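Enquirer:
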Amino acid sequence: SLPVVLVLTGVCCGTVVLADEGKPAACIVLPARPTRTEQLAADELKYHIQRMSEDELPIREEAYDLVFSTYLGGSKWEHARDVFADPADNVYVVGGTASRDFPTTPGVYDRTSNTGGKKIGPAGQCDAFVAKFSSEGTLIWSTFLGGPNYDRAYAVEVDAEGYVYVAGRAGPGFPVTPGAFQLQYGGSGYNGFYGDQNGFVAKLAPDGTRLIWSSYVGVGELCRDLAIDSDGDIYLPLGWNTQSARSKRPQWFETAFVNAFQKKPRGDLDCGVVKVLSDGSRVAWATWL
């Protein structure tokens, strides 16, 4: 199939997803490193995008046909943080928005911007969003995801059945679901640039209409990425800093690190990984690194 190139403005980071044939299935282009326009015509636009192989440097440039390009946003700012392309070339985009008029679609989980909370830093108000596009660039569905404080999605994955997994940063009041592995907010009370923050992970229905489950993750730090295995279990990063020690540790900390490679953080700034069961009910194991 033809590569689908999705170009979004206003992003702070770039993401490229490769299709099986090695061509980009979707990409978010970094404004700080703008692509060079090779040709502009009514029916064709070629971009040079940077592509890096695992074992070959420097980066080489290649030209690709632009299948579709679209803006996504409202009257204020948006940050697109991650992108995923499924086997049917549908494209999923997640990030954060300050726009109350951000485009959502009928019947989705949440069509209302949930900002207005008190635990907000200098970055201002923000709600997470999740959007799905067809291979031709049609918006299939789009939803807000968040509570009253600063929330932003940083990572998205989609399993073989079409369920959408999202991870990121969340403030107090984020919509966690009964039975999830961490209902307790783990922010430190430190009102930094984004306000009081904690990581989150959530699972949405394939059509975007339901929040299957949602949970906070860890203490203080955000989740910048996630991965899912063939069983649907989820792997998430953990973070630890000097502010994390101020937070009450979630109950799953008591058992998840029993057989860990590294049972405790060793410095003022540390990282780790946690495995969560597919239904979001329990942590299988965790370790610091």
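The sequence shown lines up with residues 10 to 298 when you count with this note's numbering.
C-beta atoms are modelled at their ideal positions from N, C-alpha and C, and glycine is treated no differently.
No experiment lies behind these values; they were computed from the predicted model shown.
What does the alpha-carbon distance come out to for the pair L278 and W249?
Expert: 6 Å
Enquirer: How is the alpha helix (DSSP H) around A97 delimited, first residue to last?
Expert: Counting along the chain, A97 sits inside no alpha helix (DSSP H), nor does DSSP assign it H or E at all.
Enquirer: By a C-beta neighbour count over all protein chains shown, 10 Å radius and 16 as the cutoff for buried, is R90 buried or exposed?
Expert: buried
Enquirer: Roughly how many angstroms lie between the CA atoms of P215 and P96, to the nearest whole one?
Expert: 14 Å
Enquirer: If you compare alpha carbons, which of L148, Y163 and I149 is closest to G155?
Expert: Y163
Enquirer: State the DSSP-derived secondary structure class of T264, mapped to helix, strand or coil.
Expert: helix
Enquirer: Flag D160 as yes if its beta-carbon sits less than 8 Å from any beta-carbon of chain D, otherwise no.
Expert: The chain labelled as chain D is not found in the depicted structure, where only one protein chain is given.
Enquirer: Can you tell me where the beta strand (DSSP E) holding C280 begins and where it ends?
Expert: Looking at the DSSP string, the run of the beta strand (DSSP E) that includes C280 is D279 to V285.
Enquirer: Using the DSSP secondary-structure output, state which residues sit across from P246 in a beta bridge.
Expert: V282
Enquirer: Given a cut-off of 8 Å, decide if S287 and G241 are closer than it, judged by their beta-carbon atoms.
Expert: yes
Enquirer: D205 lies in the beta strand (DSSP E); which residues open and close that run?
Expert: Element bounds for D205: n/a, residue is neither H nor E.
Enquirer: If you run the structure through DSSP and keep just helix, strand and coil, what is E87?
Expert: DSSP places E87 in strand when its eight states are reduced to three.
Enquirer: In the DSSP assignment, what are the bridge partners of F138?
Expert: G104 and F153
Enquirer: Which residues in the same chain as Y244 place their Cβ atom closer than 7 Å to its Cβ, once the five residues preceding and following it in sequence are excluded?
Expert: L235, A236, V282 and K284
Enquirer: Tell me where the beta strand (DSSP E) around E166 begins and ends.
Expert: R161 to V167
Enquirer: Give the straight-line distance between the Cα atoms of G180 and Y80, rounded to the nearest whole angstrom.
Expert: Taking the straight line joining both Cα atoms gives about 27 Å.
Enquirer: Tell me, which residues are paired with V226 by DSSP?
Expert: G208
Enquirer: Closer than 6 Å by C-beta to K4: which residues in its own chain qualify, once you throw out the five before and the five after it? Chain order, please.
Expert: The requested residue 4 does not occur in the structure, where the chain is confined to residues 10 to 298.
Enquirer: In angstroms with no decimal places, state the Cα-to-Cα distance between F111 and D168.
Expert: 26 Å
Enquirer: Which residues in the same chain have their Cβ closer than 7 Å to the Cβ of A107, if we skip the five residues on either side of it in sequence?
Expert: K85, W86, G133, Q134 and C135
Enquirer: Using the C-alpha atoms, what's the distance from Y118 back to T186?
Expert: 13 Å
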